[in-house]
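Heads up, the thing below is written out as structure tokens.
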Amino acid sequence: MAMSALKSRKRREVTSYSDWMSQLPAELHSIHLFKLIIPGSHDSMSYDLDVNSSIIEPERLKRFSKFCCVRKMVRKWAMTQVNATITNQLDAGVRYFDLRIARKRNDVNPTRLYFYHGLYTRTDVEVKKEMSEITPKILHPKEILILALSHFKGFDRKIEKDLHKHLINFTKTLFGAKLFLRTVKIYPEIWSKIPYYYGNSMNPLEVQSKLRYYLENRVRPSKGEWSRCFFVCGLNLTLPDNARILKYILRLCDNFPNVIHRSLPRILQWVKQQAGKIPMNIIASDIATRDQFVPTIVKLNTSKGAMHEA
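In our numbering, the protein residues as written are 1 to 310.
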């Protein structure tokens with residue numbers, strides 16, 4: 001019995017996170033994706049912010065876009081996933097990507113789109129080709145990616161339909177038969193919006209408390225089963241949207257990734273303690289390739305307390 005248990009545990013151990021889904025126990029290969037616990041990245045493209053772009057947010061600082069020092073300050077506190085490109089994140093095991101889309105005002109190319117977080121990214125949405133090169137269907141046929149496109153800043157009412165159509169057509173061309181289609185929508189390539197629960201605070205304890213409340217009260221059991229949908233548990237801290245933001249951005253020797261780095265181990269420990277007690281699906285971080293984030297999340301799928309009802 002002891003030898004059998006040892007072999008079983010060895011079979012379940014993930015050795016390479018670039019294809020961790022294929023290494024899960026066989027019984028997990030046939031369950032719904034919203035029953036898996038999946039590592040994701042929050043503001044996935046924020047490593048590429050352009051300090052020469054105009055400021056998109058916060059609103060209070062937009063009028064200071066012409067000042068380089070202000071743009072640098074915004075970049076310092078908006079940059080996430082530092083030194084981790086989309087390829088790095090994929091190789092690390094990230095399977096959910098939070099991609100915020102924006103169009104630059106007065107761009108000579110009416111359909112050119114960028115990612116953003118505080119500032120526009122240096123590269124436009126064409127960077128998604130980087131993902132297509134190592135899409136699961138090519139190198140890792142048992143891996144699945146979830147791309148969450150949102151916000152759509154600068155999509156003026158007169159052109160928003162055309163921009164959305166252009167983005168959808170580009171995605172169809174880029175990924176083709178690799179897309180998993182729905183059968184009951186005008187655009188079957190596009191799925192419903194995925195709820196994103198987050199603490200909206202810079203205090204890790206407050207983040208934990210709010211996440212627990214959201215997950216216990218907004219994702220309710222139905223007939224003995226948890227709600228049949230994707231949802232994201234965001235471990236990200238959030239800067240204040242009022243004058244209290246100065247408490248953080250005026251720290252000359254600090255930055256947002258460092259603040260996240262200091263808080264993540266504590267929040268990850270909380271996640272491990274809650275696994276099995278409250279439902280979890282996608283778990284997202286601002287530094288998804290560091291601090292053992294992906295290994296910790298992936299291992300929850302085979303931990304004793306994980307929920308995997310069929």
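Backbone N, C-alpha and C define an ideal beta-carbon position, used for all residues, glycine too. Just so you know, these numbers come straight off a predicted model, no measurement behind them.
{"Asked": "Taking the alpha helix (DSSP H) that R262 falls in, what are its first and last residues?", "Found": "F256 to Q274"}
{"Asked": "Which stretch, first to last residue, makes up the alpha helix (DSSP H) that contains D91?", "Found": "I86 to A92"}
{"Asked": "Can you give me the Cβ contacts of W270 inside the same chain, cut-off strictly under 7 Å, excluding the 5 residues immediately before and after it?", "Found": "Q208"}
{"Asked": "Please classify S16 as buried or exposed, where buried requires at least 16 neighbouring CB atoms within 10 angstroms.", "Found": "exposed"}
{"Asked": "Below 8 Å between beta carbons: does that hold for N200 and T238?", "Found": "yes"}
{"Asked": "Would you tell me roughly how many angstroms separate the C-alpha atoms of L36 and A26, rounded to the nearest one?", "Found": "13 Å"}
{"Asked": "Can you look up T253 in the DSSP assignment and give me helix, strand or coil?", "Found": "With the sequence shown as reference, residue 253 is identified as Cys, and Thr is not the correct amino acid for it. It is coil, neither helix nor strand."}
{"Asked": "Can you grab the Cα-Cα spacing for the pair F115 / R244, in whole Å?", "Found": "27 Å"}
{"Asked": "Excluding the five sequence neighbours on either side, which residues of its own chain have a C-beta within less than 7 Å of the C-beta of V298, listed in chain order?", "Found": "V14, Y17, W20, P39 and G93"}
{"Asked": "Do you know how far the Cα of M73 is from the Cα of G224?", "Found": "A caution first: G224 carries a pLDDT of 48, below 50, which makes its placement in the model unreliable, though a value can still be read off. Each residue's Cα considered, the two are about 49 Å apart."}
{"Asked": "Count Cβ pairs between the stretch 52–71 and the stretch 172–183 that sit closer than 8 Å; are there 3 or more?", "Found": "no"}
{"Asked": "Less than 8 Å between the beta carbons of V82 and P295, yes or no?", "Found": "no"}
{"Asked": "Out of Y47, R60, G154 and D50, point me to the one whose CA is closest to N242's CA.", "Found": "R60"}
{"Asked": "According to DSSP, is I38 part of a helix, a strand, or is it coil?", "Found": "strand"}
{"Asked": "Could you pull out every residue in the same chain whose Cβ sits closer than 6 Å to the Cβ of P110, ignoring the five residues on either side in sequence?", "Found": "none"}
{"Asked": "How is S46 classed by DSSP in three states: helix, strand or coil?", "Found": "helix"}
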